[in-house]
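If you're matching them up, the sequences are chains A and B in order. Start counting at 1 in the first sequence, then tack on 87, and there's your number in the working numbering. Start counting at 1 in the second sequence, then tack on 87, and there's your number in the working numbering. Cβ coordinates follow ideal geometry from the N, Cα and C atoms, glycine included. Take a look at the structure below.
There are 2 protein chains.
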Amino acid sequence: MSTAKLSKLNKKQPVNAYEVIRRRIVSLEYAPGISLDEKSLVDELGLSRTPVREALIRLAGEGLIELEKNKGAKVSELNLQTLQTIFEAGDLIERAYTRLACLRRTDDDLASINEARLEFERDLNNQDVAAMVHSNTEFHLRIAAASGNKYFLESYRRILADHERIAQIWYSDIFRSDDRSANQKICRQHDELYQAIEQGDTDRAEAISIAHAHACKEGIRSSLSSGESLIADLNVQTEEY
Amino acid sequence: MSTAKLSKLNKKQPVNAYEVIRRRIVSLEYAPGISLDEKSLVDELGLSRTPVREALIRLAGEGLIELEKNKGAKVSELNLQTLQTIFEAGDLIERAYTRLACLRRTDDDLASINEARLEFERDLNNQDVAAMVHSNTEFHLRIAAASGNKYFLESYRRILADHERIAQIWYSDIFRSDDRSANQKICRQHDELYQAIEQGDTDRAEAISIAHAHACKEGIRSSLSSGESLIADLNVQTEEY
DNA sequence: TTGATTTAAATTGTATACATCAAGTATATT
DNA sequence: AATATACTTGATGTATACAATTTAAATCAA
Numbered sequence: 088m089s090t091a092k093l094s095k096l097n098k099k100q101p102v103n104a105y106e107v108i109r110r111r112i113v114s115l116e117y118a119p120g121i122s123l124d125e126k127s128l129v130d131e132l133g134l135s136r137t138p139v140r141e142a143l144i145r146l147a148g149e150g151l152i153e154l155e156k157n158k159g160a161k162v163s164e165l166n167l168q169t170l171q172t173i174f175e176a177g178d179l180i181e182r183a184y185t186r187l188a189c190l191r192r193t194d195d196d197l198a199s200i201n202e203a204r205l206e207f208e209r210d211l212n213n214q215d216v217a218a219m220v221h222s223n224t225e226f227h228l229r230i231a232a233a234s235g236n237k238y239f240l241e242s243y244r245r246i247l248a249d250h251e252r253i254a255q256i257w258y259s260d261i262f263r264s265d266d267r268s269a270n271q272k273i274c275r276q277h278d279e280l281y282q283a284i285e286q287g288d289t290d291r292a293e294a295i296s297i298a299h300a301h302a303c304k305e306g307i308r309s310s311l312s313s314g315e316s317l318i319a320d321l322n323v324q325t326e327e328y
Numbered sequence: 088m089s090t091a092k093l094s095k096l097n098k099k100q101p102v103n104a105y106e107v108i109r110r111r112i113v114s115l116e117y118a119p120g121i122s123l124d125e126k127s128l129v130d131e132l133g134l135s136r137t138p139v140r141e142a143l144i145r146l147a148g149e150g151l152i153e154l155e156k157n158k159g160a161k162v163s164e165l166n167l168q169t170l171q172t173i174f175e176a177g178d179l180i181e182r183a184y185t186r187l188a189c190l191r192r193t194d195d196d197l198a199s200i201n202e203a204r205l206e207f208e209r210d211l212n213n214q215d216v217a218a219m220v221h222s223n224t225e226f227h228l229r230i231a232a233a234s235g236n237k238y239f240l241e242s243y244r245r246i247l248a249d250h251e252r253i254a255q256i257w258y259s260d261i262f263r264s265d266d267r268s269a270n271q272k273i274c275r276q277h278d279e280l281y282q283a284i285e286q287g288d289t290d291r292a293e294a295i296s297i298a299h300a301h302a303c304k305e306g307i308r309s310s311l312s313s314g315e316s317l318i319a320d321l322n323v324q325t326e327e328y
């Protein structure tokens, strides 16, 4: 290995405690329910307790971890009830901001949405699950942002935070079972949704949004009921869903 | 003054930076838009920077302040667009969790809701605006909690955080103009809403919820258009609303 | 005077030391 | 042996010292 390469690798780029911990939670590297003690995180990240603590407080604000006074942090649970409530609230809020986005989106909004849509397609072709989770989130968040209502945006961001952990499982299973139709369906719906918003067709956008959520729900359901899935991560009984 | 009393007063009770700063923002003591530098807060609260910084991070998570890297914190703005988006998102989410609360509320939920309802009546009789703001928030949050959907709960908590600052103005104006009918209306709607939830009457609960939100909207509108109001705090033009 | 550049002050970000709290272990007493 | 108390240990909460960044002030040149 050349020294140049080495120095580049050794060059300590600023580690963002929040980003790193968040990614590990979303990617299920930190399983739901496990406790996160500051010392371990400090040792792993090579930072002091201050930025780690501040990251934990931010993450608690997002609902990804739970803090208990004098008792540290634990990764938020993810169970079947979580799934049901995600879809219950998600369906409603998604429809609301999607309709508003049709009415209020600017050209910049459209460009931003389309950028995320294309990024998702690239990530899917690269079979990069973590990147897909992120770009899918971005795609939907940018539509929510185009609604012009920050409360819908933030509400949906909260929902997507938990949804990301589920999507991680689902996408993994899609590639594991090599389900090309599932991939195509997601991309097609993203494309149709983008076009409907571009054309300001509120009813069509809402209908696509509902269909997209439904497909997502079905995909996750089959993913959970397939024996090969990472269902253990959810520590749930699929029968109840 | 007896020494016993003095020692009691002097006994430094633990100051919670988060609670104190939040209260000051909600009560508009810290006006929307002003910058909050750590040093001032540390001097005022008599705490070190650590708990103050952690409080600011929490408050930023709630949307009450905005943090910019290396540039400190400022209290979130509150303008007419905020008002419109609050009601836009609030109407929808309120109706959703109210219906769910009718279907899912436990006896404990009912007791909890009623407790907050009575607390609000007491605070109103005491003409304690800050306490009213708090107990009104509690009343609605406990209904949201009874929905059994944490995303609706947290979404509405976010909306109420900003709503509290507006309610502060509105309630103040109610007492300033000595509008007894407005007070009675709020309490009556709270009572009717509670009863509808108790009886599991989803349609009626939703209808009352809509009427309550409408009355709230109208009250704030008249409060803003009255010259005596604390409208300056909102730095807005009422004509646009 | 105006403008840009440098320098100094103030503010925020990070690291670490100290204080407090919780839980587990050991010892003593019944 | 069982329970209770005290102690030890580990972790979290707070305070403070140090580093890096931003803002302003001051100096100099045009």
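Could you tell me if residue i is buried or exposed, where buried requires 16 or more neighbouring beta carbons within 10 angstroms of its beta carbon?
| i | result |
| --- | --- |
| Ile144(A) | buried |
| Asp265(B) | exposed |
| Asn236(B) | buried |
| Gly306(B) | buried |
| Val139(B) | buried |
| Asp195(A) | exposed |
| Thr193(A) | exposed |
| Ser89(B) | Only weak support is given to the placement of Ser89(B): the predicted model assigns it a pLDDT of 37, under 50, and the value that follows is read from those uncertain coordinates. The residue is exposed, with fewer than 16 neighbouring Cβ atoms inside 10 Å. |
| Ala104(A) | buried |
| Ile273(A) | buried |
| Thr332(A) | Lying outside 88 to 328, the shown extent of chain A, residue 332(A) is not represented and no answer is given. |
| Ser296(A) | buried |
| Asn223(A) | buried |
| Ser234(A) | buried |
| Ile121(A) | exposed |
| Ser316(B) | Annotation note: pLDDT 47 at Ser316(B) (below 50); position unreliable, no value reported. |
| Arg229(A) | buried |
| Leu93(A) | Residue confidence for Leu93(A) is low, a pLDDT of 37 falling below 50, so the modelled location carries little weight and cannot support an answer. |
| Arg267(B) | exposed |
| Ala91(A) | For Ala91(A), the predicted model reports a pLDDT of 40, less than 50, meaning its position is unreliable; a value from the coordinates is still stated below. With fewer than 16 Cβ atoms within 10 Å of its Cβ, Ala91(A) is classed as exposed. |
Report yes if the C-beta of residue i is less than 7 Å from at least one heavy atom of the ligand COA; otherwise report no.
| i | result |
| --- | --- |
| Asp249(A) | No copy of the ligand COA occurs in the structure displayed, which carries no ligand at all. |
Among the options, whose alpha-carbon lies nearest the alpha-carbon of residue i?
| i | options | result |
| --- | --- | --- |
| Glu106(A) | Asp278(A), Glu141(A), Asn157(A) and Leu247(A) | Glu141(A) |
| Gln255(A) | Leu132(A), Ser122(A) and Leu211(A) | Leu211(A) |
| Ser163(A) | Leu146(A), Thr172(A) and Thr224(A) | Leu146(A) |
| Ala160(B) | Leu128(B), Asp194(B) and Ala292(B) | Leu128(B) |
| Leu311(A) | Arg229(A), Arg245(A) and Ser259(A) | Ser259(A) |
| Leu123(A) | Glu149(A), Glu155(A), Val102(A) and Gly148(A) | Glu155(A) |
| Arg109(A) | Glu149(A), Ala203(A) and Leu134(A) | Glu149(A) |
| Thr169(B) | Tyr238(A), Arg263(A) and Ile246(A) | Tyr238(A) |
| Ala231(A) | Asp215(A), Ala217(A), Glu293(A) and Ser268(A) | Glu293(A) |
| Asp290(A) | Ile121(A), Ala176(A), Glu125(A) and Arg186(A) | Arg186(A) |
| Cys189(B) | Asp288(B), Asp178(B), Arg209(B) and Glu125(B) | Asp288(B) |
| Asp178(B) | Val102(B), Ser313(B) and Ala302(B) | Ala302(B) |
| Gly133(A) | Ile297(A), Pro101(A), Leu151(A) and Glu153(A) | Pro101(A) |
| Ser242(B) | Ile200(B), Pro119(B) and Ile180(B) | Ile180(B) |
| Ala198(B) | Thr172(B), Gln271(B), Ser296(B) and Glu285(B) | Glu285(B) |
| Pro119(B) | Thr224(B), His227(B), Leu151(B) and Ser313(B) | Leu151(B) |
| Gln271(B) | Arg209(B), Ala183(B), Ala283(B) and Ile200(B) | Arg209(B) |
| Glu175(A) | Ala183(B), Val216(B) and Ile173(B) | Ala183(B) |
| Ala269(B) | Asn166(B), Lys304(B) and Ile173(B) | Lys304(B) |
| His227(B) | Ser313(B), Ala300(B) and Tyr117(B) | Ala300(B) |
| Phe262(B) | Lys158(B), Val220(B), Gln214(B) and Ser135(B) | Gln214(B) |
| Asn157(A) | Glu131(A), Asp130(A) and Glu125(A) | Glu125(A) |
| Ala283(B) | Arg191(B), Asp130(B) and Gln171(B) | Arg191(B) |
Could you name the residues that DSSP lists as bridge partners for residue i?
| i | result |
| --- | --- |
| Leu154(B) | Ala160(B) |
| Lys122(A) | It should be noted that the sequence gives Ser, not Lys, for residue 122(A). Answer is Lys161(A), bridged to Ser122(A). |
Discussion item. To be precise: take each residue of the segment 245 to 274 of chain B, compare its Cβ to all Cβ atoms of chain A, and keep it if any distance is under 7 Å. Which residues remain?
Written reply: Arg245 and Ile246
Discussion item. Tell me which residues of the segment 202 to 225 of chain B have at least one Cβ-Cβ distance to chain A shorter than 7 Å, keeping chain order.
Written reply: none
Discussion item. I want to know whether the segment 241 to 253 of chain A touches the segment 112 to 123 of chain A - three or more CB-CB distances under 8 Å.
Written reply: yes
Worksheet item: At a Cβ cut of 8 Å, what residues of the segment 142 to 158 of chain B count as close to chain A, listed as they run along the chain?
Response: Ile144, Arg145, Ala147, Gly148, Glu149 and Gly150
Worksheet item: Along the segment 284 to 308 of chain A, what residues have a CB closer than 7 Å to any CB found in chain B?
Response: none
Worksheet item: Is the number of C-beta pairs between the segment 202 to 216 of chain A and the segment 271 to 283 of chain A that are closer than 8 Å three or more?
Response: yes
Worksheet item: Quick one, which residues of the segment 175 to 193 of chain B are near chain A if we go by CB-CB under 7 Å, in chain order?
Response: Glu175, Ala176, Leu179 and Ala183
Worksheet item: Using a beta-carbon distance cut-off of less than 7 Å, what residues from the segment 225 to 244 of chain A approach chain B?
Response: Asn236, Lys237, Tyr238, Phe239, Glu241 and Ser242
Worksheet item: Which residues, taken in chain order from the segment 160 to 173 of chain A, show a beta carbon closer than 9 Å to some beta carbon of chain B?
Response: Gln168, Thr169, Gln171, Thr172 and Ile173
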